[in-house]
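Take a look at the structure below.
Numbering (this note's numbering), first residue to last: 7 to 201.
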């Protein structure tokens, strides 16, 4: 399993090794020991799966109180996945990075995206349909559920809307009411305790 750096510190692309022959292929996509040794989330408590059509934009989501790290994998289709660093103590605070994630084919590497706690997450579906599967390090916590507006001018995320070939964006009513970055209630600053 290869773990690749990304423009955002602590966000990683994970490429499991694939073993195949004329019958097909096999890959170990999660191993608690391997992930822990790589400094990634190794304790997951919930699995989520979504199905979306082209033009659906989900996000930017995060949780307060019970933040979630996410391990994201595209089962079918093609999405543009975005992570935004909300950790005020981070040198990357307020920065974002986007990743083209596709279902694995014989021509493409199997890729998963690790987004740790303290980040907002969203994606745009670029293929006709897409199924996205992700593991989380914490349970869904409705009271802490928050959303930043996908089109926030301060973040200025460069969504690849031109790839939709004229299909309009589809955003949920909840996400359409996301807060602007400067007005959003963000995770508290982590305090390191000295022993």
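The beta-carbon is built from N, C-alpha and C at its ideal position, and this holds for glycine as well. Just so you know, these numbers come straight off a predicted model, no measurement behind them.
Asked, Found
"Contact set for residue 123: own chain, Cβ-Cβ below 6 Å, skip 5 residues either direction", "73, 75"
"Inside the region 93-133 only - beta strand (DSSP E) runs reaching at least 3 residues", "102-108, 118-121, 125-131"
"Three-way DSSP call (helix, strand, coil) for residue 151 in this model", "strand"
"Residue 31 classed as buried or exposed, judged by whether at least 16 other C-beta atoms fall within 10 angstroms", "exposed"
"Contact check, residue 65 vs residue 126, beta carbons under 8 Å", "yes"
"Residue nearest to residue 10 in terms of C-alpha spacing, selected from 45, 37, 39", "45"
"Local Cβ density within 10 Å of residue 183, reported as buried at 16 or more and exposed below that", "exposed"
"At least 3 beta-carbon pairs within less than 8 Å: the region 80-92 vs the region 106-116", "yes"
"Minimum C-alpha distance to residue 148 - residue among 57, 128, 134, 180", "180"
"Reduced DSSP secondary structure (H/G/I, E/B, other) of residue 74", "coil"
"7 Å CB neighbourhood of residue 136 in its chain, flanking five on each side removed", "58, 80, 82, 83, 84, 85"
"Cβ-based neighbour list, residue 130, same chain, cut-off 6 Å, excluding 5 preceding and 5 following", "63, 86, 165"
"Reduced DSSP category for residue 22 - H, G, I as helix; E, B as strand; rest coil", "coil"
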